[in-house]
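See structure below.
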Amino acid sequence: MNPEAAGTVYPPVAFVVDPEHVAAFRDVLGIASGVPPTFVTAAEFAALPEILGDPRLGLDFTRVVHGSQEYEFRRPLREGETLSVRARIDSIRHKGGSGFLTIAMDLVDAGDQVVCTARSQMLERGPGA
Amino acid sequence: MGDEIQELRRVVTREDVSAYAEASGDRNPLHLDDAFARSVGFPGVIAHGMFTMGHMTAAVVAWAGEPSAVVSVSAQFRAPVFPDDTIVAGGRVRAIDHDDDVAELDTWVVVQRDGREEWPVKRGAARVRLTRVD
C-alpha cells in the first residue's frame with residue numbers, strides 16, 4: 005500500500021436500500037423488522053471495488069484482515085431510499101511489516117444529509133506475516 | 058446502570074456463512090472455499106467478522122426493541138470464528154447519557170468451541186436511544 009494514497013476521495017456510488025435485500029440480511033441475523041444497523045456493510049461493499057481497483061493505493065485484498073468497524077447514524081436507513089456512498093482513505097500506516105488502512109464512508113441521502121458514517125480499519129498482512 | 062442485556066446464542070453453520078456472503082456482498086473465498094482458506098494459513102473457512110458483529114448487534118437490537126434506536130455500534134475483531142462454533146453475544150449498560158437520552162453499552166461476543174469458552178472474539182460498544190423517535 006502506498007501511504008501517499010491517504011486522503012484519497014473516491015467518486016460517489018449509488019446504493020439502493022432494497023427491501024428484499026434488507027429482508028435477506030435480517031433473515032441471516034435473525035432480526036425481525038427494520039433495517040439492521042450492520043446492513044450498511046452492503047453499501048460499503050458496493051463502494052469497495054473502486055478502492056480495490058485503485059492502482060495508486062495498491063491494496064492486496066487477499067491479504068486483508070478486518071480489524072475493527074464503527075457505524076454512526078444521524079438517522080436510521082429507510083427501505084426503498086437511494087443513498088450516495090462517498091468513500092475516502094482516512095489513514096495508512098505501516099508497522100511491523102503490515103499495513104493499517106482506515107476507510108471512511110459517508111452514506112448521503114437525496115437531501116444531501118449524511119445518514120450514516122462507516123469507518124473500517126483493515127490490516128494488510130505483509131509477506132510472511 | 059450495570060444492567061446486563063440478554064445473551065444471544067447461536068451455532069454458526071456453513072450455510073449461515075454462505076447466506077451472509079450473499080446478503081452482504083462479501084464473497085471473499087476465505088469464507089467460502091476451504092482450500093483457499095488453508096492457503097492463507099487458516100484450518101478452513103472462517104465466518105465473516107461482520108457476521109459476528111451482526112450477531113452482536115442483533116443482541117443490542119433485541120435490548121433496544123428496534124433497529125432504529127441504535128445510534129452507533131462498533132467492534133474490534135480479535136479472533137476468527139469457525140463453522141460449528143457457538144457464538145454468544147452479551148453486553149451491559151455502562152452509562153446513561155441523560156442529555157441525549159441515550160444508553161451507552163459495552164458489548165462482546167465469546168465463542169464456545171469443543172466445550173470450552175474462548176476469550177472474547179469481539180469487543181464493542183453501542184449507543185441506544187431510549188425514547189422512541191419516528
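Order-wise, the sequence lines are chains A and B. All the letters of the first sequence, read from the start, carry residue numbers 5 to 133 under this note's numbering. All the letters of the second sequence, read from the start, carry residue numbers 58 to 191 under this note's numbering. Heads up, the beta-carbon is just placed ideally off N, CA and C, and yes, glycines get one too. Model, not experiment: these values are computed from the prediction.
Not one beta carbon of chain A lies nearer than 8 Å to the beta carbon of Thr188/B. Distance check between Val20/A and each of Arg78/A, Phe49/A and Gly71/A places Phe49/A closest, using alpha-carbon atoms only. Per DSSP, the unbroken beta strand (DSSP E) holding His98/A starts and ends at Thr86 to Lys99. Cα atoms of Pro124/B and Arg135/B: separation of roughly 25 Å, rounded to the nearest angstrom. The beta carbon of Asp73/B sits closer than 8 Å to some beta carbon of chain A. Under the Cβ distance rule, Tyr75/A counts among the residues neighbouring chain B, one pair being separated by less than 8 Å. Inclusion of Val74/B and Thr143/B in the CB contact set at 8 Å is not warranted, their separation being larger than that value. Apart from sequence neighbours up to five positions away, the residues of its chain that approach Leu33/A with a beta-carbon distance below 7 Å are Pro40, ordered along the chain. By the Cβ rule, the region 107-116 of chain B does not count as touching the region 102-116 of chain A, because fewer than three pairs are nearer than 8 Å. DSSP, reduced to helix, strand and coil, places His155/B outside both helices and strands of the structure shown, so it counts as coil. Contact between the region 147-165 of chain B and the region 82-98 of chain A is absent, with fewer than three C-beta pairs closer than 8 Å. Distances from the alpha-carbon of Met126/A to those of Cys120/A, Ser102/A, Val119/A and Asp110/A put Ser102/A closest.
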